[in-house]
Each structure stands twice: as structure tokens, then as C-alpha cells.
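*Asks:*
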Amino acid sequence: MLLITILTGPSAAGKNTIGYTYAREFPQPCSVIDGDQVRWMYTQPHIAPWHGDDGLRQHQIGVRHNCLLARSFHELGLEVVILDVLWADLAASYRAELAGLPHRIVRLLPTLEECLRRHHQRPPSISDDEVKWTYDHTAALTDYDLSLDTTTLSAEQVAAWLRDTAKT
1 MLLITILTGP
11 SAAGKNTIGY
21 TYAREFPQPC
31 SVIDGDQVRW
41 MYTQPHIAPW
51 HGDDGLRQHQ
61 IGVRHNCLLA
71 RSFHELGLEV
81 VILDVLWADL
91 AASYRAELAG
101 LPHRIVRLLP
111 TLEECLRRHH
121 QRPPSISDDE
131 VKWTYDHTAA
141 LTDYDLSLDT
151 TTLSAEQVAA
161 WLRDTAKT
């Protein structure tokens with residue numbers, strides 16, 4: 001069964017690394033949709049989620065387009081992984097847009113300290129306060145199917161866990 005997996009988590013949770021590792025190791029063709037890249041396609045400037053109603057609206061539009069791409073890839077026989085930070089009503093929006101298709105929301109939640117450590121190893125893009133905003137909103141998320149603390153796990157370990165849990 002082809003599955004659409006939505007990987008959510010705070011900034012520096014490992015969504016991209018894990019998503020692409022999972023896709024490379026998946027036995028069938030697999031597509032990875034990066035929610036940030038999709039939102040950059042249609043809006044200049046990009047409005048971050050912590051910028052109130054405008055940030056939420058842009059994220060909602062991104063969910064719609066992520067799901068359009070996911071449906072298209074799924075119809076072509078590809079496994080799909082969507083990478084996105086979920087907050088507010090976004091999980092419900094994903095579920096509504098993907099109704100009728102097998103999908104799951106997987107929350108990746110390392111510790112805040114680990115997210116900040118990883119964040120500081122990257123080129124600067126957002127502030128520590130913005131990392132904390134994504135962390136707090138991800139930690140408060142209640143609409144998910146699976147959750148995993150990725151603090152001490154490698155991308156390969158999480159990808160294997162994703163493969164194993166997709167079979168159940």
C-alpha cells in the first residue's frame with residue numbers, strides 16, 4: 001500500500017534529513033515534498049508562521065498545494081513524504097485534503113536543547129526564539145498518528161522505524 005507520510009516537527013528536528021533518507025531507502029519510487037519550498041514558490045516574500053494571521057494563511061495555502069502534489073504523485077504510484085511544521089488547524093487541513101488516501105502524520109520531537117544544538121550547526125536562517133516557537137507549537141500538537149523522540153536517533157534509525165510502522 002502506498003502511503004502519504006507527513007513528517008512534522010520543530011525546526012532542526014530532522015524532517016529533511018529523515019524524509020530524504022526514508023525516500024532513498026524505500027523499495028519503491030518515493031517523492032519528498034518540502035512544505036517550505038512549496039510556499040516559496042508562490043509568495044514573495046515568504047511569511048513565516050510566527051507572523052500571525054498572514055503566516056497562518058500562507059501555511060494553509062501551502063497545505064493545499066502540498067496535498068495537490070501528494071495526490072498527483074500518489075496517483076503515479078509513488079510513496080510520498082511531506083515535510084512541514086504543523087500548528088493551529090493544519091493537521092485537520094491535511095486530513096481533509098487527503099481524505100480517501102492512506103496517510104499518517106508523524107511528529108518528530110527531539111528535546112528543545114537538541115533542536116537548538118542542531119540549529120546552531122546550520123547557517124543562520126531563523127532566531128533561537130523562532131526555533132522555540134516551532135518547538136512549542138509542535139509539542140502542543142495533539143492531532144498526529146505517531147510521535148517519536150529523535151534526540152538520540154540517527155536519520156537511518158528513524159527511516160527504518162518509519163518503514164516498519166508503515167507495515168502495521
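The sequence shown begins at 1 in this note's numbering and counts up by one. We put the CB at the ideal spot given by N, CA and C, even for glycine. Predicted model only: the values in this text are computed from it and were never measured.
Using CA atoms only, rank isn't needed, just tell me which of Gln58, Ser93, Trp50 and His46 is closest to Cys67.
*Replies:* Ser93
*Asks:* So, under 8 Å CB-CB, Gly14 and Asp84 are touching, yes? Tell me the CB distance rounded to an integer number of Å.
*Replies:* Wrong, their Cβ atoms sit about 14 Å apart, outside the cutoff.
*Asks:* Rounded C-beta distance between Thr150 and Leu108? I'm assuming under 8 Å.
*Replies:* 5 Å
*Asks:* Taking just the CA atoms, how far does Gly19 sit from Leu101?
*Replies:* Whole-angstrom Cα-Cα distance: 19 Å.
*Asks:* What residue does the beta strand (DSSP E) around Ser174 start on, and which one ends it?
*Replies:* With the chain covering only 1 through 168, there is no way to say anything about residue 174.
*Asks:* May I have the straight-line CA-CA distance separating Val32 from Glu114, to the nearest angstrom?
*Replies:* 24 Å
*Asks:* Can you tell me whether DSSP reads Leu108 as helix, strand or coil?
*Replies:* strand
*Asks:* Skipping 5 residues on each side, what residues in its chain have a beta carbon closer than 8 Å to that of Glu130?
*Replies:* Ser11, Ala48 and Trp50
*Asks:* How would you label Thr111, buried or exposed, when you count the other beta carbons within 10 angstroms and need 16 or more for buried?
*Replies:* exposed
*Asks:* Between which two residues does the beta strand (DSSP E) harbouring Val80 extend?
*Replies:* Counting along the chain, the unbroken beta strand (DSSP E) around Val80 starts and ends at Glu79 to Leu83.
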